[in-house]
Amino acid sequence: MLNAILIDDEANAREKLAFMLEQHCATSVKLVAQARNVEEGLEAIRAQRPDLIFLDVEMPGESGFDLLRRLGKADLDVIFTTAHDHYAIKAIKFAAVDYLLKPIDMDQLREAVARVLEKRRSSITDSRIDQLVESTRQGAGVTSLSVPSQDGFVRVKLADIVWCEAERYFTIFHLVGGKELVATRSLGDFEELLAGSGFVRIHHGHLVGTEHIVRYIKGAGGQVVMSDGKTLDVSRRKKDELMERMGR
């Protein structure tokens with residue numbers, strides 16, 4: 164059973180989520196406190212020592228990210244709730260932390276809770292919250308990615324990602340030094356997540372780090388030679404985007 168705290172400035176949102184938890188997650192989640200803002204949330208966390216918090220991103224005064232910064236190290240899991248699919252979601256996705264878009268979908272809520280339970284059962288060491296806090300500091304750029312694998316998460320520096328390869332529903336990361344990492348998400352997910360971070364999709368099966376392209380070979384679509392020595396095909400329809408990204 165997970166002891167949980169719900170932190171949201173909107174009373175209606177708190178009531179709805181509390182009802183959903185009671186109706187559909189009663190065997191796995193016990194709501195021990197609710198809070199309207201960061202200050203109340205911190206007090207409740209320190210008093211109750213919860214396993215899980217449902218945390219609104221945008222609240223008057225201080226945000227959910229501010230709460231995490233003030234909280235510091237804590238042995239708890241976070242599921243963000245937000246009505247806005249904007250820049251904050253990208254930071255959350257980079258850290259592979261769960262989030263729920265309002266209005267909250269019942270099935271997505273159950274899935275998020277199930278992931279927290281599974282992580283706690285497997286005792287996965289989790290640095291994702293630390294990464295999220297760091298990446299959302301004012302003026303800070305995202306420099307690393309928590310990659311979901313079959314037995315947990317692996318923290319990877321963006322600069323170490325040479326190229327990524329689609330393998331059905333999985334993605335193979337080819338890293339500096341010849342290392343490989345199998346991620347349990349699709350290449351399309353990572354294409355969206357890494358947009359604007361120095362990566363470009365050159366083929367339905369390949370996403371590459373532009374800083375690791377050492378040579379372009381002309382052709383219908385052409386080919387690129389990567390810093391690890393691998394030669395990859397470029398599709399015709401992706402050629403123009405690649406040239407633009409390379410400043411050609």
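The letter at position 170 of the sequence shown is residue 333 when you use my numbering, and the numbering goes up by one with no holes.
All C-beta atoms in this analysis are idealised placements derived from N, C-alpha and C, irrespective of residue type, glycine included.
Secondary structure of residue i, DSSP reduced to three states
i, result
"Thr244", "strand"
"Val472", "Within the shown structure, residues of the chain are numbered from 164 to 411, placing residue 472 beyond reach of any answer."
"Ile287", "Confidence is the limiting factor: at Ile287 the pLDDT is only 49, short of 50, which leaves the residue's position unreliable and the question unanswerable from this model."
"Gly340", "helix"
"Leu357", "coil"
"Asp171", "coil"
"Thr334", "strand"
"Ala263", "Residue identity differs from the one stated: residue 263 is Leu in this sequence, not Ala. Leu263: strand per DSSP, three-state reduction."
"Val409", "According to the sequence shown, residue 409 is Met rather than Val. If DSSP states are grouped into helix, strand and coil, Met409 belongs with coil."
"Arg399", "helix"
"His369", "strand"
"Asp268", "coil"
"Gly392", "coil"
"Leu218", "strand"
"Ala383", "coil"
"Val317", "strand"
"Glu202", "helix"
"Leu308", "strand"
"Arg209", "helix"
"Glu274", "helix"
"Leu239", "coil"
"Glu185", "helix"
"Glu281", "helix"
"Glu328", "strand"
Close Cβ partners of residue i (< 8 Å) along its chain, the five nearest in sequence each way excluded
i, result
"Leu344", "Val310, Ser312, Val317, Val319, Ile335, Phe336 and Leu338"
"Arg278", "Asp261"
"Glu203", "Ile170"
"Ser349", "Ala329, Tyr332, Phe333 and Thr334"
"Leu280", "Leu165 and Ser191"
Residues near residue i in its chain [Cβ-Cβ closer than 7 Å; skip 5 each side]
i, result
"Asp391", "Val325, His337 and Gly341"
"Asp403", "none"
"Asp172", "Arg199, Asn200, Asp219, Met222 and Pro223"
"Val397", "Ile365, His366, Gly384, Gly385, Gln386, Val387 and Leu405"
"Lys265", "Ala176, Thr244, Thr245 and Ala246"
"Met183", "Ile267, Met269 and Leu272"
"Val195", "Asn166, Ala167, Ile168, Gln211 and Pro213"
"Ser226", "Val220"
Buried or exposed by the 16-neighbour rule on C-beta atoms within 10 Å, applied to residue i
i, result
"Asp367", "For clarity, residue 367 is His in the given sequence; the question names Asp instead. Exposed is the call here."
"Met222", "buried"
"His247", "exposed"
"Glu328", "buried"
"Asp270", "exposed"
"Arg331", "exposed"
"Phe362", "buried"
"Gln197", "buried"
"Phe228", "buried"
"Val305", "buried"
"Thr288", "Any reading at Thr288 needs caution, since the residue's pLDDT is 47, under 50, leaving its predicted position unreliable; the model's value is listed next. Its Cβ having fewer than 16 others within 10 Å, Thr288 is exposed."
"Gly235", "exposed"
"Ile380", "exposed"
"Ala189", "exposed"
"Asp214", "buried"
"Ala210", "exposed"
"Ala174", "exposed"
"Val276", "buried"
"Asp238", "exposed"
"Ala346", "buried"
"Val241", "buried"
Contacts around residue i, its chain only, beta-carbon distance under 6 Å, and the 5 residues preceding and following it disregarded
i, result
"Lys193", "Met164 and Asn166"
"Met389", "Val325, Trp326 and His375"
"Glu354", "Arg364 and Leu370"
Cβ separation of residue i and residue j, assumed to be a contact under 8 Å, to the nearest whole Å
i, j, result
"Phe217", "Thr244", "6 Å"
"Arg364", "Lys401", "6 Å"
"Arg273", "His187", "6 Å"
"Leu395", "Val371", "7 Å"
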